[in-house]
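These notes are about the structure you will find just below.
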Amino acid sequence: MGGDGDVVMWCSGDMIPGVVNVTAPAVWKTHIKEVLFSQEAISKRVAEMAAQISADYAGKEVICVGLLKGAFVFLSDICRQLSVPNVIDFLTVSSYGHSTTTSGSVKLKKDLDVDPRGKHIIIIEDLIDTGTTLAWIQKHLSSKDCASVKLCTLLDKKSRRTPSLNLKIDYVGFECPDEFVIGYGMDFNEHYRCLPFVGVLKPSVYAK
Ligand code: PRP
0 MGGDGDVVMW CSGDMIPGVV NVTAPAVWKT HIKEVLFSQE AISKRVAEMA AQISADYAGK
60 EVICVGLLKG AFVFLSDICR QLSVPNVIDF LTVSSYGHST TTSGSVKLKK DLDVDPRGKH
120 IIIIEDLIDT GTTLAWIQKH LSSKDCASVK LCTLLDKKSR RTPSLNLKID YVGFECPDEF
180 VIGYGMDFNE HYRCLPFVGV LKPSVYAK
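Residue 178 in this note's numbering sits at position 179 of the sequence shown, and the numbers go up by one each step.
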């Protein structure tokens, strides 16, 4: 499921409203209920966020830490628009596995390559849901004597947050409804990450 079918260009007026000129496997078209954030809307918002970060860190160097795998598209787009010196690194943790809901337990799979001591860190995320992952990462970095640690996410599922975590998010692209979202780095069973928009997956796909 999800990996077969011809590669075609989805065109304006095709089955999914808001999808214009997207190259993707044809079968995926039938898996998407709607487009939540179009390629154009994301592009505009990412440029605004990059400008804000560049202004906030004027005169400083930042380390942009992307959380793999979901943040790889957002990180690559936003870092290429920063006007402050920056270093790119990645962390890999796992909490969801192949499930549609969080297991609540976070495991470190890959730590930072750079030494974050005395550095300004910006954690780059695709999506914050319960906040469990980010809270764990904040704790993980708290013993490393960073100059600062800020959180940046494209999507914030605010309604799903665990209140007791008291997570403060410094940069948010969009507030996201409580739907199963895919695309722009986000997946279901590792599929759909390359779609350039954020869409809602049909429940019939993940309920199988
Ligand atoms: C997603 C997302 C966040 C996390 C958010 O990652 O990228 O890292 O879940 O959930 P939380 O706020 O409830 O902790 P996922 O585990 O799906 O892995 P992926 O990035 O490899 O897709």
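All residues carry an ideal CB built from backbone N, CA and C; glycine is no exception.
About 6 angstroms separates the beta carbon of L81 from that of I52, a gap short enough to meet the 8 angstroms contact definition. In this chain, Y205 is not harboured by any beta strand (DSSP E); it is covered by the alpha helix (DSSP H) spanning P202 to Y205. Taken from the Cβ of D76, every heavy atom of ligand 1 lies 7 angstroms or farther away.
D155 sits close to V171, with the two beta carbons spaced by under 8 angstroms. The Cβ atoms of C151 and M8 lie no closer than 8 angstroms to each other. In chain order, V148 place their CB closer than 6 angstroms to the CB of L140, counting only its own chain and leaving out the 5 sequence neighbours on each side.
With a contact defined as Cβ atoms closer than 8 angstroms, R160 and D177 miss out at about 11 angstroms.
Assigned with DSSP and collapsed to three states, A54 falls in helix. Between the alpha carbons of K32 and A46 lies a distance of about 27 angstroms. Between ligand 1 and the CB of I127, the shortest heavy atom gap is smaller than 7 angstroms.
CA-to-CA, the gap between V6 and K28 works out to about 11 angstroms. Taking the Cα of I181 as reference, the smallest distance to any Cα among L133, T22, V86 and H30 is reached at H30. Of the residues assessed, K106 falls on the exposed side of the cut-off, its CB having fewer than 16 other CB atoms within 10 angstroms. Within a 10 Å sphere around the beta-carbon of A54 sit fewer than 16 other beta-carbons, which makes this residue exposed. Note on V18: 16 or more other CB atoms within 10 angstroms of its CB, so buried under the neighbour-count rule. Take D125, set aside five residues on each side of it, and the residues of its chain with a beta-carbon closer than 6 angstroms to its own are G69, A70, F73, L153, G184 and M185, in chain order.
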